[in-house]
Structures are given as structure tokens and as C-alpha cells.
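Residue numbers (the numbering used here): -19 to 161.
Just so you know, even glycine gets a beta-carbon here, dropped at the ideal spot from N, CA and C.
Quick caveat: nothing in here was measured; it's all calculated off a predicted structure.
Written out below as C-alpha cells is the structure these notes cover.
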Amino acid sequence: MASKVIRNVTWDFLNEVIQDGSRVFPKEELERLRFCIQCGTCVGGCPSGRISALRIRKIFRETQLGLKETVLSDDNLWNCTTCYTCQERCPRGVHTTNTVRIIRNLAVKYGYIKNNHRRICEFFLTYGHAVPINDETRQVRKDLGLAEAPPTVHSHPESLAEVLKLAEETGFKKIVERTAK
Ligand code: SF4
Ligand code: SF4
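Structure below.
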């Protein structure tokens, strides 16, 4: 198999992942990524890796090597189900799943959002739900003796303004608009 020589390795991307992620998770937990030894335990137990090309170990190595564009544009990043199996098993205490979540955040920040994900975000901004209710679901709820609509924005449309305010305050709305095609 042909190997690729990587020159100009920098810590910049790894540092960015840790720095950006520390707004969400404790920094010392994310720092564990520096200690990944490529043992493959994470890949061995990954249920998604059995049916997709997701190799979380590879993503971490590329992150360590500073291959920012390669990592952020990798479709496999989105095949992680965040089941936390790898995080439970990592012998080096790498907070694998949380790190994937941070890398995904960065992917979206840099415009690598998937079309389907963007549509879900747009649903959320339009209806206050990532998956809006439809007639079929309304009927099923009725058949089960439930209210036709759940006690959310669907029953309280006036609350959509509050949802949108949250979306604005957190910067979510801006990200969705910026990445719109
Ligand atoms: S299990 Fe942990 S140390 Fe081993 S490759 Fe995966 S992240 Fe790295
Ligand atoms: S959290 Fe993601 S990468 Fe880790 S085992 Fe589960 S699906 Fe695989």
C-alpha cells in the first residue's frame, strides 16, 4: 500500500479542537486526545464502523497531524452514532465521542454542513421542531388517545418566537443562514 509523507505537521488543528471544545466540555478531558496511541480499540468496538467506512482512530490521527481540511470534510465524521462505546473502552482515556462532537461542530462552523442536516436545522427554525408533525402522526396520536399535537410549539405556536430567540442568542440561526446554499 502506498504511503503518504506528511510534511509541516502542526499542532494548530489539535489545539483548535481542544480550545473550541473547552467551551462545552472540560478542557482536561479533551486534552486526552494528545495521548491517543492508535491502538484501534475504539475502531474494534465501533458498531457504525462495521457497516460504514468510519474509522475513528484515523480521524484522530489526522487531527493530531493537523490535517484540518481532510478531517472536517470527511463524510464519515457523520456516521458516528455517539453511542459512547469507544469512549468507555479507550485505554488512554481519550474522550473520543465528545471529541467527535466537537470536530463536527467545527465542521459546521467551517461550512462542511450536510444538506440533510441543514434541512433539519431549517425545519427547526421554521417549525420549532427538527421533525415537524404530519397528518399521519396526528392520526396515530389520536388513535392512541393522545392530544393530536404534542405540548410543544405545535400546540403553542406563540412559543416559536422563544425558540427563535434561543436560536439567535446561541448563534445557531446565524450558522444555518451562513451555510445556506
Ligand atoms: S482506543 Fe483510544 S488510544 Fe486507542 S486508537 Fe482509539 S482513541 Fe486512540
Ligand atoms: S461513539 Fe461513534 S465512533 Fe465511538 S463507537 Fe460509537 S459510533 Fe463508533
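Contact annotation: I36 and V51 have beta-carbon atoms that are not nearer than 8 Å. CA-to-CA, the gap between L124 and E116 works out to about 12 Å. Straight across, the Cα-Cα distance linking P131 with W(-9) is about 48 Å. Relative to ligand 1, the beta carbon of P27 is positioned no closer than 7 Å to any heavy atom.
Burial check for V(-3): the Cβ neighbour count within 10 Å reaches 16 or more, so the residue is buried. Note on geometry: alpha-carbon atoms of A33 and H75 lie some 21 Å from one another. Just so you know, the alpha carbons of N114 and E142 end up roughly 22 Å apart. Inter-segment contact for the segment 62 to 71 and the segment -4 to 11 is absent: fewer than three beta-carbon pairs are separated by less than 8 Å. Spatial neighbours of L47 in its own chain (CB-CB distance under 8 Å, excluding positions within 5 residues in sequence) are listed in chain order as I(-14), F(-7). Proximity to F40 across C26, N59, I17 peaks at I17, based on C-alpha coordinates. I82 and P137 have their C-alpha atoms roughly 32 Å apart.
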